[in-house]
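Student: Numbers 1 to 514, taken from UniProt numbering, label the letters of the sequence shown in order.
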Amino acid sequence: MTHLISLQAIQEQSIKNPDSIAVCHDDQSFSYRDLEKCANRLAHYLERHEVHQGEIVALYMRRSFDVLVGMLAVWKVGAAYLSLDFETPLARLKGIINQANPKCIVTEPALLNNLSTEIPLLTCHDLDYFKCDDEYHCHDERLYQEPAYLIYTSGSTGQPKGVLVNHANLSNYLFWFNEHFKITHQDIFIFNSSPAFDFAVTCIHAPLAAGARIVITSEADVLDIETYCHQLIENKVTFVKWTPSYFKFLVQYVEKKRPNFSSLRYLMIAGEELLTAYVERWYAVYPSHAIINEYGPTETTVGITTNLLTKSNLDRTLKTVPIGQAVRNSRLYVVDENNRPVEQGEVGELLIGGASVACGYYKAPELTRERFIKNPFSAEDDILYRTGDLVKQLPDKSFLYLGRIDNQVKINGYLVELNEVEYCLLRQTSIEHAYILAKKHEDGHQSLEAYVVLKPQATFNEAEIRNRLSQQLPQFMIPQHYYLIDRIPLTPNGKVDHSALVQMRKLGVKENAE
Numbered sequence: 001m002t003h004l005i006s007l008q009a010i011q012e013q014s015i016k017n018p019d020s021i022a023v024c025h026d027d028q029s030f031s032y033r034d035l036e037k038c039a040n041r042l043a044h045y046l047e048r049h050e051v052h053q054g055e056i057v058a059l060y061m062r063r064s065f066d067v068l069v070g071m072l073a074v075w076k077v078g079a080a081y082l083s084l085d086f087e088t089p090l091a092r093l094k095g096i097i098n099q100a101n102p103k104c105i106v107t108e109p110a111l112l113n114n115l116s117t118e119i120p121l122l123t124c125h126d127l128d129y130f131k132c133d134d135e136y137h138c139h140d141e142r143l144y145q146e147p148a149y150l151i152y153t154s155g156s157t158g159q160p161k162g163v164l165v166n167h168a169n170l171s172n173y174l175f176w177f178n179e180h181f182k183i184t185h186q187d188i189f190i191f192n193s194s195p196a197f198d199f200a201v202t203c204i205h206a207p208l209a210a211g212a213r214i215v216i217t218s219e220a221d222v223l224d225i226e227t228y229c230h231q232l233i234e235n236k237v238t239f240v241k242w243t244p245s246y247f248k249f250l251v252q253y254v255e256k257k258r259p260n261f262s263s264l265r266y267l268m269i270a271g272e273e274l275l276t277a278y279v280e281r282w283y284a285v286y287p288s289h290a291i292i293n294e295y296g297p298t299e300t301t302v303g304i305t306t307n308l309l310t311k312s313n314l315d316r317t318l319k320t321v322p323i324g325q326a327v328r329n330s331r332l333y334v335v336d337e338n339n340r341p342v343e344q345g346e347v348g349e350l351l352i353g354g355a356s357v358a359c360g361y362y363k364a365p366e367l368t369r370e371r372f373i374k375n376p377f378s379a380e381d382d383i384l385y386r387t388g389d390l391v392k393q394l395p396d397k398s399f400l401y402l403g404r405i406d407n408q409v410k411i412n413g414y415l416v417e418l419n420e421v422e423y424c425l426l427r428q429t430s431i432e433h434a435y436i437l438a439k440k441h442e443d444g445h446q447s448l449e450a451y452v453v454l455k456p457q458a459t460f461n462e463a464e465i466r467n468r469l470s471q472q473l474p475q476f477m478i479p480q481h482y483y484l485i486d487r488i489p490l491t492p493n494g495k496v497d498h499s500a501l502v503q504m505r506k507l508g509v510k511e512n513a514e
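#1: Going straight from the alpha carbon of Met-1 to that of Cys-359, what length do you get?
#2: So, does the stretch 317-327 touch the stretch 269-286, judging by three or more C-beta pairs under 8 Å?
#3: Which residues in the same chain as Lys-440 place their Cβ atom closer than 8 Å to its Cβ, once the five residues preceding and following it in sequence are excluded?
#4: Should Leu-350 and Asp-382 be called a contact, given that it needs their Cβ atoms to be closer than 9 Å?
#5: Taking just the CA atoms, how far does Leu-425 sit from Val-279?
#6: Quickly, what does DSSP pair Ser-31 with across the bridge? List them, please.
#7: Out of Lys-182, Val-106, Val-77 and Ile-214, state which residue places its alpha-carbon closest to the alpha-carbon of Pro-147.
#8: Whether or not the stretch 249-258 and the stretch 288-308 are in contact is what I'm after, with contact meaning three or more pairs of Cβ atoms, one per stretch, closer than 8 Å; do they touch?
#9: Ignore the nearest five residues each way along the sequence and tell me which others in Ala-39's own chain have a CB closer than 7 Å to its CB.
#10: Could you name the residues of the same chain whose beta carbon sits closer than 7 Å to that of Ala-513, not counting the 5 residues immediately before and after it, in chain order?
#11: Taking DSSP as the reference, what is the three-state secondary structure of Arg-92?
#12: Between the alpha carbons of Gly-354 and Ala-212, how many angstroms are there, rounded?
#13: Taking a contact to mean a Cβ-Cβ separation below 9 Å, would you say Leu-46 touches Leu-122 in this structure?
#14: Between the stretch 50-67 and the stretch 206-224, do at least 3 Cβ pairs fall closer than 8 Å?
#15: Inspect the beta-carbon positions of Ile-190 and Phe-239 and report whether they are closer than 9 Å.
#16: Which runs of the alpha helix (DSSP H) fall wholly inside the stretch 112-138 and span at least 4 residues, in chain order?
#17: Report the partner residues of Arg-331 according to the DSSP bridge assignment.
#18: Just to confirm before moving on: does the CB-CB distance between residue 515 and Ala-210 stay below 9 Å?
#19: Could you name the residues of the same chain whose beta carbon sits closer than 6 Å to that of Val-416, not counting the 5 residues immediately before and after it, in chain order?
#20: Is the stretch 129-149 in contact with the stretch 160-174, if contact means three or more CB pairs nearer than 8 Å?
#21: According to DSSP, what are the bridge partners of Arg-404?
#22: Alpha carbon to alpha carbon, how far is Leu-384 from Ala-9? Give it in angstroms, no decimals.
#23: Would you report the Cα separation of Tyr-228 and Ser-194, rounded to the nearest angstrom?
#24: Out of curiosity, what's the CA-to-CA distance linking Leu-84 and Leu-115?
#25: Please look up how many angstroms separate the CB atoms of Tyr-81 and Leu-59, rounded, as I've assumed it's under 8 Å.
#26: What residue ranges within the stretch 284-348 form continuous alpha helix (DSSP H) runs of no fewer than 4 residues, ordered along the chain?
#27: Output the boundary residues of the beta strand (DSSP E) element that contains Ser-6.
#28: Which of the three DSSP states is assigned to Met-71 in this structure?
#29: Grouping DSSP H, G and I as helix and E and B as strand, with all else coil, what is Glu-514?
#30: Per DSSP, Leu-454 forms a beta bridge with which residues?
#31: Have a look at the DSSP bridge pairing and note the partners of Glu-449.
#32: Does the distance from the C-beta atom of Asp-187 to that of His-44 stay below 9 Å?
#33: Tell me the DSSP secondary structure of Asn-412 in three-state form.
#34: Helix, strand or coil: which one does DSSP assign to Thr-107?
#35: Taking the alpha carbon of Thr-491 as the reference point, which residue from Gln-53, Glu-87, Asp-27 and Ile-405 has its own alpha carbon closest?
Structure follows, in C-alpha cells:
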C-alpha cells in the first residue's frame, strides 16, 4: 500500500461495493455510490470556483453526510480541507478564517448568516451544484506529499495554531489503524465528535477506507447519554472513540442501566489521561470489552501510541493507564532538558519522529522551527516533533504519560500530579466524579480546588474527606477548597471545560475551606 492515499481506498470501495451503506444519518442511508457521486459533483463545483491543488477549502457545517462529501471533494481537486466547528465563538472563528485565508468556504444555508467575510461562500444546495457531472477523474497519485487537512488547536499565546497534515501522514495512520485493529466492511463506527477535532479523522476516514459504515449522531444526542447509548445498540455499533471525560459519564450510566453493548468490539479512549479506576469500573460491567488507550498530539497525526487493554492485562497498580507503544513507522525518544536520552524509567520530554510527523504550523515558520526540530540522533534528514509532554518508559517498553512540561503544578515548592489527587477522591464512597484545578493567586502561590459530583443520595462531609485524604496524600496535595456541582462540564470536543467549571462555582455549594 505504499503511496496509496485514503481517497483512493475510498474510491475503490465505491467500485467494489457500490451499494454497501457508507453513512447513516437522521433515518437516511447513503451508499458508497451516493458518496462518490456527490463528492464528484462537488469537486466539479469547486473547480468552477477555481480551487486548485495545494489550496485550502474551509468546511463550515454541522455533523452530516455533507461534511464527508466536502472532505472527499476537496481532496479530489487536490486541495486540503479545514473543518470549522459551528459551535466555535464567532470571534475565534473569524481569527482562524483570517489566518488560514481559505480559497472558499463550503457551508449550509442555515449557517450562512453566521459568517461575515469576503471569502466566497458555497453550499451543497446551490442550483449550480446539482447541475455538475457526477463523474470526476482526479490525479490522486500526485497527492501523496500534498496537504490533506488543516486543523487548529489551542496555542500557548492564546491564539489558535493551524497544523498542516499531508496525505502521507494520514495514510500511515489510517492503514496501520485498519490493519492493526482488523477493521473490515462489517464494522460500524459512530461519528460523535466535532468535524474540527481530529477524532473525526479516526471515525470518518478509517471506516470509509475499509468499506465500513458510519453512523452520524447529533450534538444534542451525544449529550443525552440515554439517547446516545440507544443509538449504539440500535445501530449495532462496533467501534467508538471517546475522551476520558465523556467515558466517565458513560461509566456512571452503565453501572446503573447496564445497556446491552454486545456489538461493541473496541472502545478507543483518547485526548486526556485515562484513570485506571474508570477502566476497572467499566470492566466490572463489561469484562470482555477491548479498550484502547490512544495518545497523540495533533502534530503527529491523530494517534502515535496505543495500548490495547483487556480486563486481565490492566495494571491496577498504576493510577493512570500507560499510553502504550508507537504505531508503525514512528520513533519515540525520551530526553532531558539538554536533548540527551534518559535511562529507561527516568522521566523526560517525549520527542516523536517518523512518518506521522506533520508538515508544521501553517504560516508560522518560527513556531514550526521551534517545535519541529532536526533529529539529533539520525544522520538522515529526519524531523522530530517536541511534544512538551513528560513520559517515562516502563519495563515492558510501553510509555506512561506524566503531564505537561509547561503546565506543571507546584504547591509549596513540590510538584503535584493532579490526577493523583483526583484518583484519591474517587476512592471515597460518596463521590461519583471529581476534577482538580490549580488556582494561581496574586502573590504567585498556587492552591488546589476540588470540584465534586456526589453519588445519588450521598452527603458530603469535608472533615471526613480531608481526614481520609491525609492518610493517602501529603498535606500540600490536599485541596483547600471543595465545590459541589451537578456535573463536570465538557467542551464540544468532549474534554473538561475549565472556564465553565470555574463559572459553576456560583451554582455549586462551597463547603468550609481551611
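Quick reminder that beta carbons are idealized off the backbone N, C-alpha and C, glycines included.
Tutor: Here's the rundown:
#1: With a pLDDT of only 43 at Met-1, under 50, the local geometry of the prediction cannot be trusted, and the value read off the model is given with reservation. For Met-1 and Cys-359, the distance between alpha carbons rounds to 21 Å.
#2: Touching, per the Cβ criterion.
#3: Around Lys-440: Gln-446.
#4: Judged by their CB atoms, Leu-350 and Asp-382 are not nearer to each other than the 9 Å cut-off.
#5: If you draw a straight line from the Cα of Val-279 to the Cα of Leu-425, it comes to about 16 Å.
#6: Ser-31 has Ile-21 as its beta-bridge partners, per DSSP.
#7: Looking at the Cα atoms, Val-77 is the closest of the given residues.
#8: Verdict: no, contact absent.
#9: Leaving aside the five residues that flank Ala-39 on each side, the residues in its chain whose CB is nearer than 7 Å to its CB run, in chain order, Val-69, Leu-72, Ala-73 and Lys-76.
#10: Reliability fails at Ala-513, whose pLDDT of 41 lies under 50, so the model's placement of it is uncertain and the value that follows must be treated cautiously. Answer for Ala-513: Gln-480 and His-481, listed in chain order.
#11: When secondary structure is reduced to three states using DSSP, Arg-92 falls in the helix class.
#12: Across the structure, Gly-354 and Ala-212 are spaced so that their CA atoms are roughly 28 Å apart.
#13: The answer is yes: Cβ separation under 9 Å.
#14: Verdict: yes, contact present.
#15: Yes.
#16: Entirely contained in the stretch 112-138, the alpha helix (DSSP H) runs reaching 4 residues are, in chain order, 127-130.
#17: Under DSSP, the beta-bridge partners assigned to Arg-331 are Gly-353.
#18: Because the chain in this structure spans residues 1 to 514, residue 515 falls outside the shown range and cannot be described.
#19: So the list reads Val-409 and Met-477, once near-sequence residues are dropped.
#20: Touching, yes.
#21: Beta bridge pairing from DSSP links Arg-404 with Asp-389.
#22: So the alpha carbons of these two residues sit roughly 29 Å apart.
#23: Their backbone Cα atoms lie some 15 Å apart in a straight line.
#24: Leu-84 and Leu-115 have their alpha carbons spaced roughly 11 Å apart.
#25: Confirmed, Cβ separation roughly 6 Å.
#26: For the stretch 284-348, not one full-length alpha helix (DSSP H) segment reaches 4 residues or more.
#27: For Ser-6, no beta strand (DSSP E) encloses it; the enclosing alpha helix (DSSP H) starts and ends at 6-16.
#28: For Met-71, the secondary structure class from DSSP, reduced to helix, strand or coil, is helix.
#29: Reliability fails at Glu-514, whose pLDDT of 43 lies under 50, so the model's placement of it is uncertain and the value that follows must be treated cautiously. Coil at Glu-514, not helix or strand.
#30: DSSP lists Ile-431 as partners of Leu-454.
#31: Paired residue(s): Leu-437 and His-481.
#32: Cβ distance not < 9 Å, so Asp-187 and His-44 don't count as in contact.
#33: In the structure shown, Asn-412 sits in coil (DSSP, three-state: anything other than H, G, I, E or B).
#34: The answer is strand: DSSP assigns Thr-107 an E or B state.
#35: It is Glu-87 whose Cα lies nearest to the Cα of Thr-491.
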